[in-house]
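The block underneath contains the structure these notes are about, expressed in structure tokens.
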Amino acid sequence: MCPAGRGLAPGPLRPAFDVLDADRDGKISQDDLKAFFSSGVAAALSDEDIGSMISAADADRDGLVEFEEFERVLGRPRGGDGVMAEAFRVMDRDGDGKVGFGDLKAYLKMAGLPASDDDIWTMIRMGGSDGISFDALLKILAVDLDNGL
2 MCPAGRGLAP GPLRPAFDVL DADRDGKISQ DDLKAFFSSG VAAALSDEDI GSMISAADAD
62 RDGLVEFEEF ERVLGRPRGG DGVMAEAFRV MDRDGDGKVG FGDLKAYLKM AGLPASDDDI
122 WTMIRMGGSD GISFDALLKI LAVDLDNGL
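Under this note's numbering, the sequence shown has 134 at position 133, and the numbering climbs by one with no breaks.
In structure tokens:
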């Protein structure tokens, strides 16, 4: 999914970055995020919310989010302080490095997101039979629009 010429090594966050980088220029712009959030893949956001997301990640203040900035914001669970790493730590209530059925059910209830037990088991199966690891969570969230998923 990494377009030729970028020269960046793939990693667990690369597919998510590529989905958001709609024009494939190696940077996420407000227009890229508007396209993503108006595509029906995710809930629509206001221009103000999208601007806030860009500002939160845009370390060099050029109005764009490069892969390194994206990676820094999302972070890693072991020592990472990114948004996704923090969300994962909140979901992983027992701290075992996996989000199991009970963890996910409690998190979804706390977040006000209705989900049946069958829905939760489906999510767990997407991430692995014994629970969802941080890397699996990133893969689940990295919807591959190029393949119609």
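Even glycine gets a Cβ: it sits at the ideal position worked out from N, Cα and C.
{"Query": "Span separating the alpha-carbon of Glu109 from that of Gly129", "Result": "A small correction: the amino acid at residue 109 is Leu; Glu does not occupy that position in the sequence shown. Taking the straight line joining both Cα atoms gives about 18 angstroms."}
{"Query": "C-beta contact flag for Glu70 and Ala58 at 7 angstroms", "Result": "yes"}
{"Query": "Ala137 Cβ short of 6 angstroms to the ligand GTP heavy atom set", "Result": "In terms of ligand content, the structure shown is empty, and the ligand GTP therefore cannot be addressed."}
{"Query": "Met54 versus Ala137 - alpha carbon distance", "Result": "23 angstroms"}
{"Query": "Straight-line Cα distance separating Lys140 from Asp33", "Result": "20 angstroms"}
{"Query": "Between the CA atoms of Lys35 and Ile51 - distance to the nearest angstrom", "Result": "7 angstroms"}
{"Query": "Lys99 versus Leu75, Gly64, Ser39 and Phe135, residue with shortest Cα-Cα distance", "Result": "Phe135"}
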